[in-house]
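Below is one structure, written out as structure tokens; comments come after it.
Residue numbers (the UniProt record's numbering): 1 to 101.
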């Protein structure tokens, strides 16, 4: 699928291992709130790039291989739901967390 879109966006994918298929879950045509993490690991100022693109300037880096990545990041979201009330959103404290090794 080719899309004539030029600017920052975030695409969320789901990979189905058993079928070896990739599905697009969501496309956001904006910087995500987590973009400072990407900036930290790549040294790329995404906000500056977004403004330059909006001003009609070309990207300073054209090839993905030219973007250096240093380090790793893992994001996790916790969705609290009340199982006794039809899984409606709920609030509360996280009492225990065991990160993967």
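Where is the CB? At the ideal position from N, CA and C, for every residue including glycine.
All figures in this text were calculated on a predicted structure; none of them were measured in a lab.
Rounded C-alpha distance that separates residue i from residue j
i, j, result
"residue 94", "residue 87", "17 angstroms"
"residue 68", "residue 30", "22 angstroms"
"residue 66", "residue 101", "31 angstroms"
7 angstroms Cβ cutoff met for residue i and residue j
i, j, result
"residue 46", "residue 57", "no"
"residue 50", "residue 80", "no"
"residue 25", "residue 16", "no"
Selection from the options that minimises the alpha carbon distance to residue i
i, options, result
"residue 76", "92, 70 and 34", "34"
"residue 91", "3, 83 and 98", "83"
"residue 59", "70, 44, 71 and 4", "44"
Identified DSSP bridge partners for residue i
i, result
"residue 14", "23"
"residue 63", "In DSSP, residue 63 forms no bridge with anything."
Next item on the list: Please specify which runs of the alpha helix (DSSP H), each continuous and at least 4 residues long, are wholly inside the UniProt domain "ATP-grasp" (16-55), giving them in chain order.
Entry: 35-42 and 46-54
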